[in-house]
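Asks: Residue numbers (this note's numbering): 3 to 163.
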Amino acid sequence: MKIGMGFDIHRLVRGRKFVLGGVTIPHSKGPLGHSDGDALTHAAIDALLGAAGLGDIGDHFPDTDPRWRGASSVKLLEAVAVKISRRGFRVLSVDAVILADAPRLSPHKERMRKNLAAALGISASDIGVKAKTMEGLGPIGAGKAVGATCVALLEKKRGSR
Ligand code: MG
């Protein structure tokens, strides 16, 4: 078995959709980024790539590549699922913490789990999505950014080495 960890943070600006775990949530600002800026999905991608020994999100989806401009990060996660499967790994579990003081995320956590599970081809019961506020502290607490951390556990598929 292999474990990986991921982290991501995006600046929040006006005129962008607020997307997390593939869910668009009504808010006055959204994450600045080359893709849709989905910090939760980016943290999950880095956790999975790390566990599989496949580098990081920037190695696979460089922000200089026009193909990824405005891309749905859940689509990138689907591509990562294929890469780690080809590498001989199966995803056992993914567990994430979102850091955001606004908007309110708890009504959306279940859909995020389902989106991540569908992209990875695993059960939503193998995915954890928690939401924490920063209690008003720092840039996330001031509503200037959204962040996420994630761990992923993989196992080598039978017969692969
Ligand atoms: Mg990112």
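Glycine included, each C-beta is placed from N, C-alpha and C at the ideal position.
By the DSSP assignment, the alpha helix (DSSP H) with L34 in it spans what residues?
Replies: Working through the sequence shown from its first residue, we reach residue 34 at position 32. Element bounds for L34: n/a, residue is neither H nor E.
Asks: Let me confirm a value: L34 is counted as buried when at least 16 other C-beta atoms fall within 10 Å, else exposed. Which label applies?
Replies: The sequence position of residue 34 within the sequence shown is 32, counting from 1. By the neighbour-count rule (16 or more Cβ atoms within 10 Å), L34 is not buried but exposed.
Asks: Following the continuous alpha helix (DSSP H) through M136, name the residue where it begins and the one where it ends.
Replies: As a position in the sequence shown, residue 136 is number 134, starting the count at 1. Careful: M136 lies outside any alpha helix (DSSP H) and carries neither H nor E.
Asks: Report whether the distance from the Cβ of H29 to the nearest heavy atom of the ligand MG is below 6 Å.
Replies: The count along the sequence shown starts at 1 and reaches residue 29 at position 27. H29 Cβ: outside cutoff for every heavy atom of the ligand MG.
Asks: Please name the residue, chosen from A46, G143, E112 and K85, that lies closest to V153 on a Cα-to-Cα basis.
Replies: On the sequence shown, residue 153 is found 151 positions in, with the first residue counted as 1. Cα-wise, what sits closest to V153 is A46.
Asks: Answer yes or no: do L42 and A119 have a C-beta to C-beta separation smaller than 7 Å?
Replies: Counting from one through the sequence shown, the residue named residue 42 turns up at place 40. Counting from one through the sequence shown, the residue named residue 119 turns up at place 117. Not a contact, by the Cβ cut-off of 7 Å.
Asks: What residues match up with R16 in a beta bridge as DSSP calls it?
Replies: As a position in the sequence shown, residue 16 is number 14, starting the count at 1. Note: R16 sits in a beta bridge opposite K31.
Asks: With a threshold of 6 Å on Cβ separation, who are the neighbours of V131 within its own chain once the five nearest residues in sequence on each side are excluded?
Replies: Taking the first residue of the sequence shown as position 1, residue 131 is located at position 129. Here the set comprises A98, K111, M114 and R115.
Asks: Just the C-alpha distance for K159 and I129, rounded to the nearest angstrom, thanks.
Replies: For this step, residue 159 is matched to residue 157 along the sequence shown. For this step, residue 129 is matched to residue 127 along the sequence shown. Looking at the two C-alpha atoms, the distance is approximately 19 Å.
Asks: Given that a residue counts as buried once 16 or more other Cβ atoms are within 10 Å of its Cβ, and exposed if not, what is L139?
Replies: In the sequence shown, the residue the question calls residue 139 occupies position 137. By the 10 Å Cβ count, L139 comes out exposed.
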